[in-house]
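Residues in the sequence shown are numbered consecutively from 25, following my numbering. We put the CB at the ideal spot given by N, CA and C, even for glycine. Model, not experiment: these values are computed from the prediction. Shown next, in structure tokens, is the structure this report addresses.
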Amino acid sequence: MKAAYIKETGSSKNIIIGDLPEPEIGADDVLVKVSAVSVNHVDTFVRAGTYKTNLNFPFVIGRDAVGVVEKIGANVDRFAVGSQVWTNSMGYDGRQGTTSRYVAVPADRLFHIPSGVDPIKLVASVHSSATAAILINHVFQAKSGDTILVEGAAGHVGTKLVQLAHTMGLTVMTTSNEADFDKMDRFGSDLALDYKKSLTKQLEKHDIDGVDFVVDTSGKVALQENINVLNERGTIGLITAPEDNKFTFNVRKFYTTDKAIRGFVLSHATIDQFTDAAKLLNQRMVDGFLLDDDIVEKPIEDAAQAQHALETNAVKERLVLEF
């Protein structure tokens with residue numbers, strides 16, 4: 025079968041397009057005929073070896089995919105041959121990736137594509153959307169009526185956070201370029217703030233003392249500034265880091281107000297968290313949310329070029345590789 029794989033970690037030049045044996049499935053697995061995969065930054069980290077995880081070589085790259093069920097294991101009863109499905113937690117922790125014509129997926133990591141939802145738009149969305157869903161529901165344990173500030177809200181993860189938080193009944197505040205204010209309003213932001221201006225002063229202008237949760241999707245906002253706008257017992261969700269990989273903040277004021285900082289990466293999510301997120305994402309996608317990404321579609325043969333483009337910030341759109 026055709027696959028994009030590596031024999032060792034390193035440069036994107038290490039990616040090989042060639043033939044590998046079709047994977048065998050166990051009793052709890054599903055063989056999926058892959059139609060498309062998305063390309064995410066985490067794919068480049070795994071391939072380069074900067075994200076340390078168990079890899080079996082030759083290692084098929086990629087973690088997210090959409091396709092059609094080809095064969096099911098003896099213990100699987102949730103799927104039927106011909107079902108359209110998606111997955112977003114392959115390609116690390118000993119599991120082979122998805123950028124191959126066929127992939128053996130554990131049934132508990134596989135989900136149905138809802139009727140009427142475009143598979144290409146879905147696969148482009150699921151990494152960012154699942155990150156947002158698990159962050160809100162499991163890391164923050166947010167509830168209707170809570171307030172959340174999403175910084176860099178016009179980006180891939182930011183737009184998903186805004187939409188999900190809005191549909192879950194949170195009061196949503198956003199920072200973005202002023203040119204994106206209409207988009208923020210459309211996605212459900214209750215208050216759009218200019219990222220180039222003082223965050224504290226803008227909130228004070230609107231008589232807002234603080235927020236319950238903050239997520240900086242860009243890594244460009246000073247940690248102390250985010251701590252300052254947190255309510256007592258508020259939480260900051262870290263999903264990225266500043267370029268210098270360093271933060272400074274007033275420790276005494278931080279702990280005496282019972283505030284918290286929680287780091288999160290999707291690769292550490294549990295099966296239950298993925299399952300909860302999948303249910304929520306499928307519901308929202310049926311309702312027309314989360315499918316707003318600008319997408320560039322490329323053939324599977326461009327896998328190395330696609331990863332290089334991500335690493336060099338040469339593309340802002342979501343990259344999807346198709347068979």
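DSSP places R119 in the coil class of the three-state scheme, outside both helix and strand. Three or more beta-carbon pairs drawn from the stretch 38 to 46 and the stretch 70 to 85 are found closer than 8 Å, and the two stretches are therefore classed as touching. Taken through DSSP and simplified to helix, strand or coil, L146 comes out as helix. Linking F135 to V245 through their CA atoms gives a straight-line distance of about 36 Å. With a cut-off of 8 Å on Cβ pairs, the stretch 144 to 155 is in contact with the stretch 307 to 320, counting three or more such pairs.
Between the C-alpha atoms of H162 and F298 there is a straight-line separation of about 10 Å. About 6 Å separates the Cβ atoms of G121 and R87, confirming a contact at the 8 Å cut-off. Taking C-beta atoms as the reference points, A28 and T123 count as a pair closer than 7 Å. Exposure of G50 is indicated by the presence of fewer than 16 other C-beta atoms within 10 angstroms of its C-beta.
Fully contained in the stretch 65 to 105 are the following beta strand (DSSP E) runs of length 3 or more, in chain order: 89 to 96. Taking the CA atoms as reference points, L314 sits about 9 Å from F211.
Per DSSP, the unbroken beta strand (DSSP E) holding G287 starts and ends at A284 to G287. According to the DSSP assignment, Q226 belongs to no beta strand (DSSP E) but to the alpha helix (DSSP H) extending over L223 to K229.
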